[in-house]
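Below you can see the structure in the form of structure tokens.
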């Protein structure tokens with residue numbers, strides 16, 4: 078029984094190594110197309126990684142601690158604006174745009190997360206041997 082278990086572990090580790098080598102051979106992350114995107118959409122609607130990072134950085138991250146909660150901020154003493162007015166209005170994103178950004182962020186991050194998880198699992202299995 079113990080021999081079967083060791084053989085199974087070795088087979089799983091070999092399979093994990095094969096998948097890991099496939100992931101390492103990938104040149105770039107695949108981009109996902111939203112299901113509800115129009116079929117005749119021009120190619121220039123794709124966002125490059127800099128645009129995605131800019132859009133993602135404009136939103137607050139709910140998983141990061143904030144310096145102070147929004148309800149405890151003191152009201153400004155003067156009626157003057159807190160900062161300079163933006164030169165151009167911030168564009169609003171439609172649900173389709175948001176879905177496209179999310180899909181591309183996930184497509185970009187998923188291989189990295191999968192690789193890290195596989196490495197951690199491999200290390201954990203080796204330590205148990």
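Numbering (this note's numbering), first residue to last: 78 to 206. We put the beta carbon where it would ideally sit given N, CA and C, even for glycine. All values reported here derive from a predicted model rather than from experimental measurement.
Can you tell me whether DSSP reads residue 172 as helix, strand or coil?
helix
Secondary structure at residue 79, three-state DSSP: helix, strand or coil?
helix
Helix, strand or coil for residue 136, going by three-state DSSP, please let me know.
coil
Output the distance between the C-alpha atoms of residue 125 and residue 179, rounded to the nearest integer angstrom.
13 Å
Let me confirm a value: residue 85 is counted as buried when at least 16 other C-beta atoms fall within 10 Å, else exposed. Which label applies?
exposed
Check residue 167 in the structure and name its three-state DSSP category.
coil
Report buried or exposed for residue 136, applying the criterion of at least 16 other Cβ atoms within 10 angstroms of its Cβ.
exposed
Relative to the C-alpha of residue 191, which candidate in 201, 132, 130, 96 has its C-alpha closest?
96
On the criterion of 16 or more Cβ atoms from any shown chain inside 10 Å, does residue 177 qualify as buried, or is it exposed?
buried
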